[in-house]
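See structure below.
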Amino acid sequence: MKIGFIAMSGVRAHNKALTDLGLTLPGFVERSKVIASLPSLGLLTLAGMTPADVDVAYVEVPDLDAVADVPGDYDAVAISSFSAQIGEAYRLADRYRERGTQVVLGGLHVSARPEEALQHADAIVIGEGEPSWPMVVTDLKRGALRRCYNSRGTSFPLEDAPMPRFELLDVDRYNRLTVQTQRGCPFRCEFCAASIRISPTYKVKPVAKVMAEIQRIKEIWPRPFIEFADDNTFVNKRHSKELVRALAREHVRWFTETDISVAEDEELLGLMHDSGCAQVLIGLESPSAAGLEGIEQKTNWKAKQRTKYMQAIERIQRHGITVNGCFVLGLDGAGTESFDEIWDFVRESGLYEVQITVQTAFPGTPLYERLRREGRVLRENAWELCTLFDVNLKPARMSVAELEAGLLSLTGRIYSDEFVQERREKFFERRRAHLRDIAATREMQS
Ligand code: B12
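So the sequence shown is numbered by the numbering used here: it starts at 86 and just counts up by one.
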């Protein structure tokens, strides 16, 4: 039996003005290139728990319209799903089914909209893949595939995480590879459409397992750049320090996503730098109190962090770790003044990297349900617009046209060659000043 693991790759955006502008902005193009090439860790993970008597292949389809026929001769295919590409994933699934290949669909979008996905699949998996996948393969082998496998309600222990099949990749095609160290997040941001939707509890992977994955990658790529496919790496401070100490022995460069509280632990920041951390991506969301109000739904945590933002960025960056600060445009508390507020904040903070996206109502999120109730979703089920760059909701304090214009003009300003250059110079200047301070203090002490 042969199973094809089929990933849709590349990034998506339908906002033509933004795409055209993006092509002229070196900072934007550079960032898009970096993120556009990443393999599907979800599928490599499932391949890793597929029994040895089943042949497996991993294939990426960047543009379905560009391929005449679907790739490979498989008995079954496993296709992953994000909302923005779900239309393509369904068309791909339909084409496989037409030629008699059994189709199993899973992933974030399928878990949020199972009924919809069932129309294009022989079987679907809801939630984390690992608890159900062995059963799916057994049922495929005995020709008794069920329609729906539901992993919800079981939380897969990451102590049992399988080794992803990195060796299936043509590694020359990638500028970084992903490894996961944790799932879930202790916070509940209304818009979040990441792993909390399938892993409701926060859980960490044992450090030894993370290191084994990195060592496996090093067998095919001796000096890799690792992107942790995490939502919030440094929540569990004991695990965090164990992780970075172990990473320091691997001599890799790495990037991850975390929250602003990482700045509160100087020891951790030092260890992160020493272990090869190049950048942390942090969801700052908004520089204003009104913008942040109510985003995190348990304790309004994000709003309570706002006054710490500037100092936190300074602290992280002076350790030689660049911060990629992410802002969401069109939040309910934000009016048209928010574009200049973000601009001013970015200038003052000296953020090395910035990401601006528009508020997006992904299926399965509390935000989607609320906006639907309020009649503010512009086109229902238009999942192709879930790109983070396309507006599909009626903002509370501005018009759709104002939001789109604000996105465009802020993108132009933030990614202009001069401003990117200015931010980079400021980062290195401040880093040098910090190193000089350390040297001076040491000299005084000796
Ligand atoms: C790496 C990554 C990418 C890579 C993806 C490479 C790939 N082909 O998969 C790249 C850079 C290409 C990418 C692109 C995009 N991404 Co992205 N990306 C991520 C990131 C950082 C990590 C995802 C990951 O690897 N998770 C770890 C794996 C193990 O989890 P998983 O994929 O969910 O898989 C598990 C289950 O879902 C399930 N499963 C998954 N697939 C299948 C299939 C079957 C058959 C079965 C049984 C089970 C199953 O089993 C797995 C193990 O439990 C997340 C953010 C984050 N921190 O998580 C955003 C994220 C997934 N991306 C997001 C978005 C919006 C995009 C883009 C639309 C951006 C854009 N404008 O283009 C595009 C989508 C284009 C596309 N090709 O689909 C959103 C998706 C939200 C959603 N619900 O749809 C996220 C959550 C970030 C966010 N801001 O909210 N992304």
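For each residue, glycine too, the CB sits at the ideal point set by N, CA and C.
* Between the beta-carbon of Leu230 and the beta-carbon of Gln300, is there less than 8 Å? -> no
* Asked: Where does the unbroken alpha helix (DSSP H) through Ile499 begin, and where does it stop?
  -> Val485 to Ile499
* My guess is that Val289 and Asn317 are in contact by the Cβ rule of under 8 Å, so how many angstroms apart are they, rounded? -> Actually they are not in contact, since the Cβ atoms of Val289 and Asn317 sit about 10 Å apart, beyond 8 Å.
* Could you check the C-alpha separation between Gly415 and Asp475 for me, to the nearest Å? => 11 Å
* Asked: From Leu328 to Ala297, what does the alpha carbon distance come to, in whole angstroms?
  -> 12 Å
* To do: Could you tell me which of Ser434, Glu370 and Ala374 sits nearest to Arg400, measuring between CA atoms?
  => Ser434
* Asked: Going by C-alpha distance, which of Ala102, Thr421 and Ser94 is nearest Leu128?
  -> Ser94
* Between the C-alpha atoms of Arg268 and Asp315, what's the straight-line distance to the nearest angstrom? -> 7 Å
* Asked: Going by beta carbon distance, what residues of the same chain come within less than 6 Å of Trp218, once the five residues before and after it are set aside?
  -> Leu131 and Met134
* Can you tell me whether DSSP reads Ile441 as helix, strand or coil? -> strand
* **Residue nearest to Tyr234 in terms of C-alpha spacing, selected from Ile171, Asp245, Ile211 and Ala246** => Ile211
* To do: Measure the alpha-carbon distance for Asp417 versus Arg482 and round it to whole angstroms.
  => 7 Å
* Asked: Terminal residues of the continuous alpha helix (DSSP H) containing Tyr394?
  -> Tyr394 to Arg403
* Would Asp160 pass as a contact of Ile88 if the rule is Cβ separation under 8 Å? -> yes
* Whole-angstrom distance between Gly228 and Phe412, CA atom to CA atom -> 48 Å
* With distances taken from CA atoms, which of Ser423, Ser484, Asp522 and Phe251 is nearest Ser373? -> Ser423
* **the stretch 512-530 contacting the stretch 449-456, beta-carbon criterion three pairs below 8 Å** => no
* Asked: Is Phe319 near Trp339, with beta carbons less than 8 Å apart?
  -> no
* Asked: Of the residues Arg461, Ile283, Gln265 and Tyr259, which one's Cα is nearest the Cα of Trp306?
  -> Tyr259
* Which runs of the alpha helix (DSSP H), 4 residues or longer, sit entirely within the stretch 241-267? -> none
* For Met93, name the three-state secondary structure that DSSP assigns. => strand
* To do: List the whole-angstrom C-beta distance separating Leu436 from Gly410, where the pair is believed to meet the contact cut-off of C-beta under 8 Å.
  => 4 Å
* So what does DSSP say about Ile406, is it helix, strand or coil? -> coil
* Asked: Is Met529 near the ligand GTP, in the sense that its beta carbon is under 7 Å from a heavy atom of that ligand?
  -> For the structure depicted, the ligand GTP is absent and the ligand set comprises only the ligand B12.
* Asked: So, helix, strand or coil for Lys290, using DSSP?
  -> coil
* **Rounded C-alpha distance that separates Leu354 from Glu465** => 43 Å
* **Proximity test, Pro309 beta-carbon vs the ligand B12 heavy atom, cut-off 7 Å** => no
* Test item: CB-CB of Lys393 and Cys274 under 8 Å -> no
* Using CA coordinates, which residue listed in Cys270, Leu470 and Leu177 is at the minimum distance from Asp344? -> Cys270
* Asked: Between Glu335 and Ile311, what straight-line distance do the alpha-carbon atoms span, to the nearest angstrom?
  -> 11 Å
* Short check: CB of Ala446 to CB of Val462, under 8 Å? -> yes
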